[in-house]
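Sequential numbering of the sequence shown, starting at 1, is according to UniProt numbering. Shown next, in structure tokens, is the structure this report addresses.
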Amino acid sequence: MCHQKLTVDLCRNVNFISGQNGSGKSAILAAIQICLGAGARRTNRARNLKELVRKGTTSNCAKIRVTLLNKGDDSFKHDVYGDSITVERTIALRGGYNGYKLYGADDVEQSRSKKDLDEMLDKLNIQVENPVAILDQEEAKKFLTGKDTDKYRFFMKATELERIDNTYGSTMEQIDEMKHQAYRLEESLDTDKELVVETKKAYKQHQEIGKLESKKAKFETQASWSAYRTMLMGLKGKMQQLELFEAKAEKKQKELTQAEAASQDADNPNDECRDRLDELSNEADKMSLRKRELEVELKNLTEPRSRFKSQFKVLCKEEKQADRYLLEMNQRLQGKRDEIVKKAGSAESEQAQRNERLRDAEERLAERKIRNDELKQSTTDLLQSYEKVEPEVQGARQNVSQLEYQVRGIDSKIRGMESSSGNSLDVFGHRCNKVKQLVDRATQQRKFRGPVLGPVGFFCKVQPGKEEFAALAEAAIGTGALDRFVVFNDADRKLFQKIRRDAGCQSDCNVFQQSQHSRYNIPEAPQGVETVASVVTIENDLIFNCLVDNAKIDQKALARSKEDSEANLLDKDNHGRHCIRGGKIKEVFLLPHGDNWKVLKGGKLVMNANSRRLKQSIGVDRTAAIEEAKEEYQAMNEELKDLNREYNRLEHEHTDLKKRWNASKKEMYKTNKEIDQAKKDIEDTKAQESESAEMEVDTTLEESDVAEAQETLDDVKEKKGKVQEEMKKLMPVIAEKEADVAEISARNEKVLVDIKNAENELTQHYHALTQQKEKLDKTRKRLEQYTELVRVHSAEIEEAEEIANTCLRSARGIQFNCENIERRRKQRDAKEGATGDTQVSAYSQEPTDEDLENVQIPDNLDNLKETDYYLGKIEQANTRIEREKERRLENSDDEDAAYDKYVRAKEIYLAKKDQISEIDSVSKQLDADMANRRTRWGHYRDYISGFSGNKFDEILNIKGSAGTVQFDHDQESLNLIVQKDAFDEQSQQKDVKSLSGGEKSFTTIALLLALGEMLETPFRVMDEFDVFLDPVTRKLIIDTLIQVGKAMSHRQFIFITPQDVSNVDSSPMLKVLQMKPPERREVAGAPVQQVIEFS
């Protein structure tokens, strides 16, 4: 209307809104009415909602929001909305949402349903259509000027009596409609009863015919069982004839089974054996690489031992020097002793002899110790040399075996390509051409269910300009992939395996099984990086998909060197671990040798060396392939000769070291025995010397020199022992690593042996399989003749069994239907004599398989007569039934249909009787209830009338006047009698139209307040309540309104007036809102109305 945007905060009790005309006071009232569900016409300001929107606005819609308090026991869905409910109504001007929204206390939308709004208004007793609750200007102006009947209608509407009366009237109309419906049902009851009698009579006539039909059904049952017996007898004769042929076929089958069993034991290890060959080849490559890695690790471990050996040699030299010095000191001591002996003379000859023996023993001990140390060192050196050479011998032997195997494979490939007729497929294997011819022949004969493509390498071409990566791409695809064929179902795979066996293939020309779908859309390789998929062109979509699935050509990158690959692809993640750039790249292959690297889980970088020579089959013609294979064969032969020479040299050195080590051990054993004997002689001589009297000699100096020399020698030996101890600590680790090398060498040799054995096994198997197949084919042909005879007779028996089963099912069905008819007839007879429900159980539906299985075959099957006899009886029964129908019945219904009509007619008749009784009972109860309600409504109307009159007089007394409200409920009129002076009866006015304008306004307010006492609405709005009031009366009525409003603290009052209310004081229970004057009044020289601001 006149507001572009306005927010009004009201007090919870009494509110006065004042302002000049046009300031938008009444717009607030209209907004409350519209937002809470009233129509545009109820506001008396517009015909539709769009006319209420402010003119000249650029907005697409107008919005009105009213927030209601939602506390206390009478709150509406407090758990959903909380302490307040905000109603928002949108009025769309040019499309968009146009309706209501309900928000909770948290300003979250909870509903858009008008039904929820009406339910909330009803719960909170908000009546926007009630003029007492919301009194606008038009209602206030025409209230007292209307007729007595208009005032009465106003009273009835304001007090909700009119709504209750209308509800009672609508209920009485519904009761009358129920009574009229019962009357119509009673009129049609006689017709329904006559229909019951007629349908029952027709059913009784059908029952008589039904007895004849039961007899006919019995003949039909016997005829069907007779036909079944005839079929069983014919089937029995055919089965006896079949058993004779089956016995002969079984004998031949046993012979075939024995032949197949013999063939089955050796039949087709094919895929398993070939896969094992592939696994063994891959395992041999991995072990060879692992062996080289272990040899490098062993070399790193033996370097500290070499340093200790050098120290040990130095200590050995020092030990020899110390031994020589000790020997010199002993000789000096012995010389001193000899001198003492000479001086002692013959008296001490025994002592001299003992000294002589002691000297001889000590000399022998020193010499043997020196020799023993030399032998120990020599034995240790020989053992170390022997152990060092042994893994080299094993590795050389394994390398020779592997290279011999590769040479044989290349030689076989060359012979195959030279013996072929220039076919380009031979570059992938000398049997590829033969397998391809057999596949083409089988395709022409339509033996394959789907396409068979191959060999895979035939569909692969090298991209122009990328020929340098061709051999590397082939190595990345993998061994044994380019000579394979591709099939797309299990049946074709089995047939292809048979073709491989016929072609004599072993591990070559294998098969991939793939599903058919459109070409994969693989991501492009990173810039500057080549993959197998970018180097090799594959136009066939199915072959391309096969290599993506099985060879991962989109995940294998190719690079010219390790440095280039690491610069383009190797990276580190956020945790500092290695990773590969490029999305799906998982492995990188390098020129020139085909080495590769990849990053495992956890960021571990693994580098694998390739020991095989790169070769190229893709994009190479037959002549070039033969020349390349010959060059490779010659190079491998030269390499084989070198390896054989190296192996022979290492074997000879290995044998010589072993012999020398054994001889050194024997001599060291002999030396140890001589040392023990010398020590024993010294101990014996010293013991004899201690027993004899010693003569005084002075050899202290020489003995100290000997002790010092001995100390030096012991010190050197201690250092030597420490070095030996360090060497001994390294020995277990070295021995373990040498054991690993020996173990993997032995395993590699075993794998080579397993490869040879597997190849021999496949060769022997295919040879034996060919012989067994010839024998098996001969046996199978002999069996086919008998199998055909069995098949023909089995088909005849199967057909006879099918006919017999059809007859059995037909017989069971006829018997089931016959029994079903009898059950229905008995049940109908039982129901006819009973009371209550006449519905018969449903037996007329088609029998299920379970029902038919439950029908037993008669025991007297053999006693039945021929089928023609029963067919004649059936014909006679049909004739009698037709005659009876023509005589008795006028319609073509059968017994079941007649019974159904009778049951339906009876049900309808009984249902109508029950319905009439129920309507009579309910209508009587409703009449009594409505009479009681009408009486109570009259009492309530009288009470409200009396209360309103008393309250009206009480409010007039405030001004010193008096008055009564005269009600004529029969004539539906209401008249106000006002006595201006409560004590002067002459001042009484029976027509309010004769009152002045102020007296009319006061009288209006008095009546509205009196009526409002009975209205339990949470808020009331009165617009321009003080029109035509003089200042004294106006102040008096305002004070009265404030007093009444404050007394009803649980309700809210909104009074709208254009007059000045500046004399009204605001309080927590009262609030005055002054509207701003309209813009059209704000001109120079115009009077300015005072505005009171309230917080």
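Cβ atoms here follow ideal geometry from the backbone N, Cα and C, with glycine treated the same way.
- Message: Does the contact criterion of 3 or more C-beta pairs under 8 Å hold for the segment 1000-1009 versus the segment 183-198?
- Response: Under the 8 Å Cβ criterion, the segment 1000-1009 does not count as touching the segment 183-198, having fewer than three qualifying pairs.
- Message: Please report the distance separating the alpha-carbon of E162 from that of G1012.
- Response: Between the C-alpha atoms of E162 and G1012 there is a straight-line separation of about 16 Å.
- Cross-strand partners of S111 (DSSP beta bridge): Partner(s): L102.
- Query: Taking Cβ positions, are C61 and L102 nearer each other than 9 Å?
  - Reply: Going by beta carbons, C61 and L102 fall outside the 9 Å limit.
- Please say whether L403 and F448 have beta carbons closer to each other than 9 Å? no
- Taking just the CA atoms, how far does R824 sit from L910? 23 Å
- Message: Please tell me whether A217 and N817 are closer than 9 Å, where the distance is taken between their beta carbons.
- Response: A contact, by the Cβ cut-off of 9 Å.
- Item | Assigned exposure category for I857 - 16 Cβ within 10 Å defines buried | exposed
- Message: Suppose you measure from the CA of L298 to the CA of E328; what does that come to, to the nearest Å?
- Response: 45 Å
- Query: Counting pairs of beta carbons, one from the segment 469-483 and one from the segment 521-533, are three or more of them closer than 8 Å?
  - Reply: Touching, per the Cβ criterion.
- Candidates A898, L614, T479, K1035, of which the one nearest E198 by Cα: A898
- Can you grab the Cα-Cα spacing for the pair V462 / T537, in whole Å? The C-alpha of T537 is placed about 6 Å away from the C-alpha of V462.
- Message: For F1055 and N15, which I take to be in contact (beta-carbon distance under 8 Å), what is that distance rounded to the nearest angstrom?
- Response: 7 Å
- Message: Excluding the 5 residues flanking D1030 on each side, which residues of the same chain have their C-beta closer than 6 Å to its C-beta?
- Response: G998
- Message: On the criterion of 16 or more Cβ atoms from any shown chain inside 10 Å, does H430 qualify as buried, or is it exposed?
- Response: buried
- Query: Taking E187 as the reference, which of I916, K584, V487 has the closest Cα?
  - Reply: I916
- Have a look at Q20 and L1041 and give me their C-alpha separation to the nearest angstrom. Rounded to whole angstroms, Q20 and L1041 show a C-alpha spacing of 21 Å.
- Give, in chain order, every unbroken run of the alpha helix (DSSP H) that is at least 4 residues long and sits entirely within the segment 499-543. 532-535
- Which class does residue 1180 belong to by DSSP, given the choice of helix, strand or coil? Residue coverage of the chain in this structure runs from 1 to 1095, which leaves residue 1180 outside it and unanswerable.
- Item | DSSP state of E88 mapped onto helix, strand, coil | strand
- Task: Rounded to whole angstroms, what's the CA-CA distance from D859 to L808? Just pull it up for me.
- Result: Their Cα atoms are separated by approximately 14 Å.
- Where DSSP assigns a beta bridge to V66, which residues make up the other side? V66 pairs with V87.
- Buried or exposed (CB count within 10 angstroms, at least 16 for buried), D554: buried
- Item | Rounded Cβ spacing between A557 and I585 (contact assumed at less than 8 Å) | 5 Å
- Hey, how far is the Cα of N510 from the Cα of H575? 44 Å
- Sub-9 Å separation of I944 and T159 beta-carbons: yes
- Consult DSSP for S18 and reduce its assignment to one of helix, strand or coil. strand
- Query: Does the Cβ-Cβ distance between Q988 and N975 come in under 9 Å?
  - Reply: no
- Message: For E632, which residues in the same chain have their Cβ closer than 8 Å to its Cβ, ignoring the five residues on either side in sequence?
- Response: I410, R613, K615
- Query: Comparing alpha-carbon positions, which option in Q724, R484, F469 lies nearest V452?
  - Reply: R484
- Is F488 helix, strand or coil by DSSP? coil
- Bridge partners - E587, DSSP secondary structure assignment: K556
- Going by Cα to Cα distance, which pick from I477, L591, E882 is closest to K562? L591
- Query: Quick one: Cα of D482 to Cα of G603, how far?
  - Reply: Residue identity differs from the one stated: residue 482 is Leu in this sequence, not Asp. Using only the alpha carbons, I get a separation of about 32 Å.
- Query: Can you round the beta-carbon distance between L294 and D740 to whole angstroms, since I take them to be within the 8 Å contact cut?
  - Reply: 5 Å
- Query: Does the beta-carbon distance from Q772 to A259 come in below 9 Å?
  - Reply: yes
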